[in-house]
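Residue numbers (the working numbering): 2 to 303.
Every residue, glycine too, gets a C-beta built ideally from N, C-alpha and C.
Because the structure is a prediction, the values reported are computed rather than measured.
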């Protein structure tokens, strides 16, 4: 059989074409898992209705809302810890915090838990899954949390989670034309709030909190206390003593106890107005954007 020059060229080009269409020998590694952390609760839900709390800009750096972070990544099926950080300070002026996790993490499904705002590990459980909200009977800190299930594969390697505030804030304004003699502070005892929460945002347990504030003499004084949510509506009892710093254990004035409701990421606002003629306080609560007197409500004695 005789072959023409064109036939010979045809047979030479076929293997060349086949070799150029094959898959390349070296395949780049899949991108590592990257987590973007944002702040959802930059302000309290009802901040625009409360003159005593200033709205914060929604455009601040992440660290202005949440100055510290701690995260734990677990395997969804086994619960085994795949990667975790210690508590670290948030640096820089970025509004979104990006964390590049270890490239060694295999594809799979994971649970990411992030805690923020703590000054130490003390309030967080050893497994990183729960938090004591008001440690040692004190108000504690303004803690944030995020928790999400993460799918990591060749098509999903970049995820964003949002941090939410875990507590509310109690604001008390004291007003008087003439301050009763010797008073330069107050001591609050709050009963009937949650003790802890887990990474599913489930609150549990009950605790009491004591908070003391000392101030300079003035016709109006405002104190603020960060507290966990109430066990139920009107389920938190507030006992308030007005004191002198030199003898804080001896109350100079004790208004009537009141029932309040603390909610996550909400402001609970009270006003104590001293009537010098009657020598007692009228107590008001900011409810539905208006002041309602509550000092006349009866509370059963324990």
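The segment 87–97 contacting the segment 134–154, beta-carbon criterion three pairs below 8 Å: no
CA-to-CA distance, residue 145 to residue 173, given in whole angstroms: 23 Å
Inter-residue spacing [alpha-carbon to alpha-carbon] between residue 190 and residue 165: 26 Å
Rounded C-alpha distance that separates residue 232 from residue 195: 6 Å
Three-way DSSP call (helix, strand, coil) for residue 49 in this model: helix
Proximity of residue 210 and residue 228 at Cβ, strictly below 8 Å: yes
Under 8 Å between C-beta atoms of residue 272 and residue 176: yes
Residue 56, DSSP secondary structure in three states: coil
Burial state of residue 286 (16 or more Cβ within 10 Å): buried
Pick from 185, 78, 126 that is closest to residue 222, judged by C-alpha positions: 185
beta-carbon residue 284 near the ligand HEM non-hydrogen atom, thresh 7 Å: In the structure on display, the ligand HEM does not appear, and there are no ligands present to speak of.
Residue 137, DSSP secondary structure in three states: helix
Pair within 8 Å by beta-carbon distance, residue 36 and residue 113: yes
Rounded Cβ spacing between residue 230 and residue 264 (contact assumed at less than 8 Å): 6 Å
Assigned secondary structure, residue 142 (DSSP; H/G/I helix, E/B strand, else coil): coil
Three or more C-beta pairs below 8 Å linking the segment 240–255 and the segment 196–210: no
Which residues DSSP lists as bridging residue 192, in chain order: 209, 238
Status (buried if at least 16 other CB within 10 Å, exposed otherwise) for residue 292: exposed
Buried or exposed by the 16-neighbour rule on C-beta atoms within 10 Å, applied to residue 224: buried
Paired residues, beta bridge with residue 35 - DSSP: 101, 159
Beta-ladder partner(s) of residue 83, from DSSP: Partner(s): none; residue 83 has no beta bridge.
Alpha-carbon spacing of residue 108 relative to residue 77, whole angstroms: 12 Å
Rounded straight-line distance, which links the Cα of residue 129 to that of residue 74: 10 Å
Cutoff 6 Å; reference residue 339; Cβ partners in own chain excluding five residues on either side: Examination of residue 339 is not possible in this model, given that the chain is present from 2 through 303 alone.
Pairwise C-alpha distance: residue 235 and residue 141: 22 Å
Residues of its chain near residue 121, where Cβ-Cβ distance is below 8 Å and the 5 sequence neighbours each way are ignored: 88
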